[in-house]
Amino acid sequence: MPWIAFEHDLTKEEIENLTGQPNDPGDDEVPLSGEARGEKKDLSAKPDAGIFKTGKVYEIWDRRRALVIFISDQKASKPLRVEPDPLQLPGFFPVPRPLQPVMRETSLTPICPYTIYAPLIEELDAVTKRITRLVKQLRVRGIYDAELKADLSRLQDAEDGTYLPATDSTRFAQGSGGLEKAIAHMPMEPTVLALRELYQQRDAIKQTIYEVTGLADIVRGASKANETATAQQIKAQYAGLRIQHLQKEVARVARDLFRMKAAVFCRHFSAENLSIMTGLKMEPQVEELLRSDAMRSYRIDIETDSTIRGDVTRNLDQMSQFIQGTAQFAQAVGGIVQTVPALLPMFTEVYASFARKFDLGKQAEDALDQIPQLVQQWQQQQQQQAQQNPEMMKAQMEAEARQQELGMKKELHGMDMQAKQMELGVRQQTAQIDMAMNQQKAQADMQKTAFGLQAAQQKAMMPNGVGRA
141 MPWIAFEHDL TKEEIENLTG QPNDPGDDEV PLSGEARGEK KDLSAKPDAG
191 IFKTGKVYEI WDRRRALVIF ISDQKASKPL RVEPDPLQLP GFFPVPRPLQ
241 PVMRETSLTP ICPYTIYAPL IEELDAVTKR ITRLVKQLRV RGIYDAELKA
291 DLSRLQDAED GTYLPATDST RFAQGSGGLE KAIAHMPMEP TVLALRELYQ
341 QRDAIKQTIY EVTGLADIVR GASKANETAT AQQIKAQYAG LRIQHLQKEV
391 ARVARDLFRM KAAVFCRHFS AENLSIMTGL KMEPQVEELL RSDAMRSYRI
441 DIETDSTIRG DVTRNLDQMS QFIQGTAQFA QAVGGIVQTV PALLPMFTEV
491 YASFARKFDL GKQAEDALDQ IPQLVQQWQQ QQQQQAQQNP EMMKAQMEAE
541 ARQQELGMKK ELHGMDMQAK QMELGVRQQT AQIDMAMNQQ KAQADMQKTA
591 FGLQAAQQKA MMPNGVGRA
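When we follow this note's numbering, the leftmost residue of the sequence shown carries the number 141, and every step to the right adds one.
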């Protein structure tokens, strides 16, 4: 698209502010149309009709020459104003590509989706009107014998299950077929058949409209409360196929608008203004990144998932599958790598290729790109350690042997101290047992002595001769 134009209806003051000179009558005057303030005399007109006189001005953005040109269709001598690119956006134009529900290959002229199926709507309207007219014709009508007028009047007003006598019983008895022969109904079979065909035709037209507009897929995707979660998810995805294009278009417009706003902020706002608006202090590295178009386009991006929607369920399922796959891969490959370390780079590339199948985000992808480099660095370190000076390796081995010897001596000393502590504990327990036995023996001797003294006292207190035979 080499250029786009915006149409404006400007007042005289706005035109003068645009051109910087009076819009007086002459060759350079922009003609104004409408009624000026106070000149409106038709009271029956709309309240907003002709309040100001305005002139039609076109604002043209020329991308090839990077100019913004203001012209009037009735003043072709020269442009009203020409100025260089004021915004300096990456795509030059101040608006994103228009949102069009229906795209054409040969033109950007918008198409209303209604115009595609308008003939079907008109046909549906005609069929519905015919159905309405035919339904009005469906009335139970007929003619009857004039001599049965009194009997039919009484019969129409009778209650359910009521039998009435005939006024002329002789005529009624002689008649053949009873009331069926005396009354002739207006035939309705042709009207009913026509209505049946029209109803089928209307359903067919509605189904065609549903197929053209995509409503059939949306209706088909409607779920019920008693269905399983998997069935509802499948229906939701199926119904979303028809509106996915429109969703992406809306997301694109929102993304492009945010990108334009970010470009304007980075190019035309100072660091002080940005700090005041955001309340954050901008680091010099960040400011340099924002000012550089090339660095900003590579390092900063605004995607649609961050601005409009995110399928949380799908992301969680993918993350769960990625974690399970990683665990299974590590379990299957771990033993092989321990046996043959040279296969580690190959398995690393295989894992990175497997992980890229998942939408893990930019940070995770950057980390995956660093895995082969980290593996290579680790192998180089291992090789360097293997190629070190033999004397240094010998010194390291001797130092390790001394450390092991010191460790063994420390363990033996600890075991010796533990044995001595155990021996001391046994001696203490033996002394405690001997002391307890001596105390028990002394108590027994004291009790024995006390019993002997008590017996001697009792014997001394007994009279002579007591106890003899």
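Where is the CB? At the ideal position from N, CA and C, for every residue including glycine. Here the structure is a predicted model, which means the values were calculated and not measured.
Quick check: the Cα distance between residue i and residue j, rounded to an integer number of angstroms?
i           : j           : result
residue 249 : residue 401 : 26 Å
residue 275 : residue 296 : 24 Å
residue 138 : residue 209 : Nothing about residue 138 can be reported from this structure: the residues present for the chain run from 141 to 609 only.
residue 352 : residue 269 : 23 Å
residue 496 : residue 487 : 14 Å
residue 294 : residue 303 : 10 Å
residue 471 : residue 457 : 21 Å
residue 326 : residue 256 : 43 Å
residue 244 : residue 252 : 12 Å
residue 299 : residue 324 : 23 Å
residue 507 : residue 492 : 10 Å
residue 597 : residue 572 : 38 Å
residue 383 : residue 415 : 41 Å
residue 259 : residue 272 : 20 Å
residue 219 : residue 211 : 5 Å
residue 578 : residue 542 : 54 Å
residue 306 : residue 292 : 10 Å
residue 221 : residue 159 : 6 Å
residue 195 : residue 171 : 6 Å
residue 214 : residue 504 : 60 Å
residue 589 : residue 570 : 29 Å
residue 180 : residue 161 : Low confidence applies here, because residue 180 scores a pLDDT of 48, under 50, leaving its location unreliable; read the following figure in that light. Rounded to whole angstroms, residue 180 to residue 161 spans 28 Å at the Cα level.
residue 283 : residue 340 : 33 Å
residue 278 : residue 240 : 47 Å
Quick one: grab the DSSP three-state call for residue i.
i           : result
residue 623 : For the chain, the structure presents residues 141 to 609; residue 623 sits outside this window and is missing.
residue 155 : helix
residue 477 : helix
residue 345 : helix
residue 398 : helix
residue 281 : coil
residue 240 : coil
residue 257 : coil
residue 178 : Low per-residue confidence applies at residue 178: pLDDT is 46, beneath 50, and the placement is therefore not dependable, though the value from the model is reported in the following sentence. In the structure shown, residue 178 sits in coil (DSSP, three-state: anything other than H, G, I, E or B).
residue 340 : helix
residue 588 : helix
residue 230 : coil
residue 610 : Since the first residue shown for the chain is 141 and the last is 609, residue 610 is missing from the structure and cannot be characterised.
residue 272 : helix
residue 547 : helix
residue 462 : helix
residue 652 : The chain is shown from 141 up to 609; residue 652 falls before or after that span and cannot be answered.
residue 293 : helix
residue 578 : helix
residue 298 : coil
residue 409 : coil
residue 162 : coil
residue 422 : coil
May I ask you to check if the CB of residue i is nearer than 7 Å to at least one heavy atom of the ligand HEM?
i           : result
residue 416 : Only the bare structure without any ligand can be found here, which leaves the ligand HEM out of the picture.
From the DSSP output, which residues share a beta bridge with residue i?
i           : result
residue 195 : 150
residue 145 : 200
residue 222 : 209
residue 683 : This structure cannot settle anything about residue 683, because the visible part of the chain is limited to 141 through 609.
residue 173 : 194
Stretch-stretch touch, CB-based, cutoff 8 Å, three pairs: the region 219-232 with the region 398-415: yes
Inter-stretch contact at 8 Å, needing at least 3 Cβ pairs: the region 142-160 / the region 200-209: yes
contact_flag[the region 385-393, the region 233-243] where n(CB pairs < 8 Å) is 3 or more: yes
Meets three-Cβ-pair contact criterion under 8 Å: the region 536-554 and the region 504-521: no
Alpha helix (DSSP H) segments (min. 4 residues) lying fully within the region 485-544: 502-526
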